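One structure is given below, encoded as structure tokens.
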Amino acid sequence: MPRSADGAPARFSTADTHHMRRALALARRALGQTRPNPMVGAVLVRDGEVLGEGWHHKAGQPHAEIEALRDAARKGHTTRGATAYVTLEPCCTHGRTPPCTDALIAAGISRVVVAATDPNPAHAGHGFDILRNAGIQVEAGLLASQATQLNFGFNHWILHRTPSVTLKAAFTLDGKIATRTGESRWITGPAARTRVMQLRAAHDAILVGIQTVLADNPSLTIRQGRRERSPVRVLLDTHARTPLDSRVVSDAFAQQTIVVTGPEVPSDRVAALRERVTVWTAPLAGGRIDLRWLLAELGRFPITSLLVEGGGEVHASFLRDGLAHRTAFFYAPKVFGGADAPRGIAGDGFQSLATAPVLANLRHRRIGPDLLVEADLKFTSGTPTGEPGTPEVRSHPVPATAAADAPTGAAPGANSRAGKRRGPG
Ligand code: AOF
Ligand code: ZN
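Following my numbering, the numbering of the sequence shown begins with 1 at its first residue and continues without gaps.
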């Protein structure tokens with residue numbers, strides 16, 4: 001049973017559920033647009049009448065509650081005695097914008113129904129206390145898991161300041177991602193590829209390795225109907241081998257691309273790349289880009305969620321270092337065979353059963369002829385981001401470890417800062 005913010009059982013009516021569903025739908029309108037802020041929706045209702053609706057559009061702009069209050073005012077409604085349905089606990093601190101708790105109290109709202117608690121340590125229940133102390137009835141937990149899932153990136157980032165990492169791959173049933181002659185288009189069907197577009201849209205950035213760029217020349221954009229847009233695209237390119245005519249470097253979204261090279265690469269290659277894209281010079285760990293360093297930089301960018309689309313060596317590195325949180329593995333009903341045919345997860349592999357990651361909370365479904373298996377990664381020991389040797393499930397929300405205040409946002413492509421700071425090696 002859902003619980004109110006103070007743990008007492010709360011009863012939600014069908015009308016409550018209906019309005020919260022609407023608030024969630026409003027929140028989703030800003031999918032991929034709010035980083036590093038969460039997506040939030042709000043609906044104001046009195047006596048069954050919807051007075052105002054709103055959602056958070058972008059970091060730095062008004063929060064969902066404020067948008068809904070303004071919408072009600074525009075429509076000539078007062079809000080005294082109304083119920084506010086909000087998908088996230090109202091904030092109670094001054095960030096880029098003033099506290100929503102103050103605005104709700106000033107507007108005379110008498111009941112606040114919330115889906116998820118804000119994991120931001122600056123809020124995390126304080127918003128509820130402030131509202132309740134002002135005499136407002138507060139109930140939380142309605143459709144909480146949907147609201148939490150929606151903001152899986154924010155929920156991780158606000159605690160760790162690094163992105164939540166999802167590994168995505170499309171395999172044959174025998175774990176191959178290409179035939180032995182390198183044919184890989186397409187392993188999965190069109191429905192699975194549409195689902196990949198949705199996955200991309202739900203992440204702030206996509207990462208691939210140089211092998212994938214050289215083999216497939218992917219565009220990594222989001223194509224929905226006639227519209228095409230791009231999340232931030234990150235290429236791991238230790239030796240600065242990215243061809244200047246590859247799509248990620250030369251298409252209309254090139255200013256959204258970050259090429260990450262090692263420290264010792266020809267300066268003319270870096271200069272040529274830098275004319276089109278942002279180039280970061282990264283330290284190496286074991287001869288490859290140091291992924292911990294990269295995740296910290298992406299967190300500063302700020303990127304809250306990262307979709308890793310391979311190839312096999314890249315996936316293996318994230319797994320080996322315990323840096324991935326979820327998987328989205330597509331399986332096509334095909335078998336390629338071949339000891340030398342490329343595998344979805346390569347590298348050296350884990351030495352023992354005891355150190356191999358285990359997948360928890362498995363969710364599977366058919367997508368056309370294919371199968372999608374989504375799961376959370378569980379490292380039983382080895383080198384995850386948590387304490388070595390400690391069993392740990394990195395699902396969402398993750399345990400609190402970190403800082404309290406939210407940094408300021410930055411526009412995609414506006415990060416020549418990083419490129420300038422770390423010149424070519
Ligand atoms: C809400 N409603 O719509 C959002 C909230 O810098 P600011 O002022 O935008 O504050 C950002 C923090 O506010 C963010 O880290 C998260 O805790 C919360 N986001 N809160 O009440 C909203 N987007
Ligand atoms: Zn707020």
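Don't be surprised by glycine CBs; every beta carbon is placed ideally from N, CA and C.
These figures come from a predicted structure and were not determined experimentally.
Item                                                                                                                                                                : Value
Which residue marks the beginning of the beta strand (DSSP E) containing Phe330, and which one marks its end?                                                       : 326-332
By the three-class DSSP mapping on this structure, what secondary structure does Ser184 have?                                                                       : coil
Just to confirm, is the Cβ distance from Arg180 to Asp16 under 7 Å?                                                                                                 : no
Let me confirm a value: Met20 is counted as buried when at least 16 other C-beta atoms fall within 10 Å, else exposed. Which label applies?                         : buried
Got a sec: does the ligand AOF put a non-hydrogen atom nearer than 6 Å to the Cβ of Asn361?                                                                         : no
Counting Cβ pairs closer than 8 Å, one from the segment 54-68 and one from the segment 25-41, do we hit at least three?                                             : yes
With a threshold of 6 Å, establish whether the CB of Ser68 neighbours any heavy atom of the ligand AOF.                                                             : Note on residue identity: the sequence assigns Ala, not Ser, to residue 68. Because no heavy atom of the ligand AOF lies under 6 Å away, the Cβ of Ala68 does not count as near it: no.
DSSP state of Pro399, grouped into three classes?                                                                                                                   : Here the model assigns Pro399 a pLDDT of 29, short of 50, so the residue's position is not dependable and the matter cannot be decided.
Give a single yes or no on whether His63 has its beta carbon closer than 6 Å to a heavy atom of the ligand ZN.                                                      : yes
At a cut-off of 6 Å, is Cys91 close to the ligand AOF when judged by its beta-carbon and the heavy atoms of the ligand?                                             : yes
Check whether the segment 156-167 touches the segment 285-298, counting contact only when three or more Cβ pairs, one atom from each stretch, lie closer than 8 Å.  : yes
Would you report the Cα separation of Thr390 and Lys75, rounded to the nearest angstrom?                                                                            : No answer about Thr390 holds up, because its pLDDT of 33 lies below 50 and its placement is not dependable.
Work out the CA separation of Gly60 and Asp71 for me, nearest whole Å.                                                                                              : 18 Å
Inspect the beta-carbon positions of Ala107 and Thr79 and report whether they are closer than 7 Å.                                                                  : yes
By how many angstroms is the C-alpha of Asp118 removed from the C-alpha of Ala499?                                                                                  : Absent from the structure is residue 499, since the part of the chain shown begins at 1 and ends at 425.
Does the distance between the C-beta of Asp204 and the nearest non-hydrogen atom of the ligand AOF fall short of 6 Å?                                               : no
Between which two residues does the alpha helix (DSSP H) harbouring Gln146 extend?                                                                                  : 144-150
Please list, in chain order, all residues of the same chain as Leu291 whose beta carbon is under 7 Å from its beta carbon, the five residues on each side excluded. : Ser317, Phe318, Asp321, Leu323
Can you tell me whether DSSP reads Arg227 as helix, strand or coil?                                                                                                 : strand
What residue range does the beta strand (DSSP E) around Phe253 cover?                                                                                               : Premise fails: Phe253 is in no beta strand (DSSP E) and is neither H nor E.
What is the DSSP secondary structure of Gly54, reduced to helix, strand or coil?                                                                                    : strand
Compute the beta-carbon to beta-carbon distance between Lys334 and Ile187, rounded to the nearest angstrom, for a pair I have assumed lies under 8 Å.               : 7 Å
Under three-state DSSP, which class holds Gln137?                                                                                                                   : strand
Please return the same chain residues whose Cβ sits closer than 6 Å to the Cβ of Val279, not counting the five positions on each side in sequence.                  : Val259, Val270, Leu273, Gly419
On the criterion of 16 or more Cβ atoms from any shown chain inside 10 Å, does Asp376 qualify as buried, or is it exposed?                                          : buried
Would you call the CB atoms of Lys116 and Leu142 closer than 7 Å?                                                                                                   : Position check: residue 116 holds Ala in this sequence, whereas Lys was assumed. No; because the gap between Cβ atoms is not below 7 Å, this pair is not in contact.
Taking the Cβ atom as the reference point for each residue, do Arg428 and Val249 lie within a distance shorter than 7 Å?                                            : The chain is shown from 1 up to 425; residue 428 falls before or after that span and cannot be answered.
Classify Arg11: buried if its beta carbon has 16 or more other beta carbons within 10 angstroms, exposed otherwise.                                                 : exposed
Does Asn361 come out as helix, strand or coil in the three-state DSSP assignment?                                                                                   : strand
Thinking C-alpha only, which one of Asn155, Asn133, Arg111, Ile130 is nearest Glu139?                                                                               : Arg111
Name the DSSP beta bridge partners of Val113, please?                                                                                                               : Tyr85, Glu139
Name the two residues that bound the continuous beta strand (DSSP E) containing Ser164.                                                                             : 164-172
Does at least one heavy atom of the ligand AOF sit under 6 Å from the Cβ of Thr261?                                                                                 : no
Thinking C-alpha only, which one of Thr83, Ala23, Asp129 is nearest Thr93?                                                                                          : Asp129
Does the distance from the CB of Leu158 to the CB of Asn120 come in under 7 Å?                                                                                      : A small correction: the amino acid at residue 158 is Ile; Leu does not occupy that position in the sequence shown. Contact: yes.
How many angstroms separate the CA atom of Thr355 from the CA atom of Ile345?                                                                                       : 16 Å
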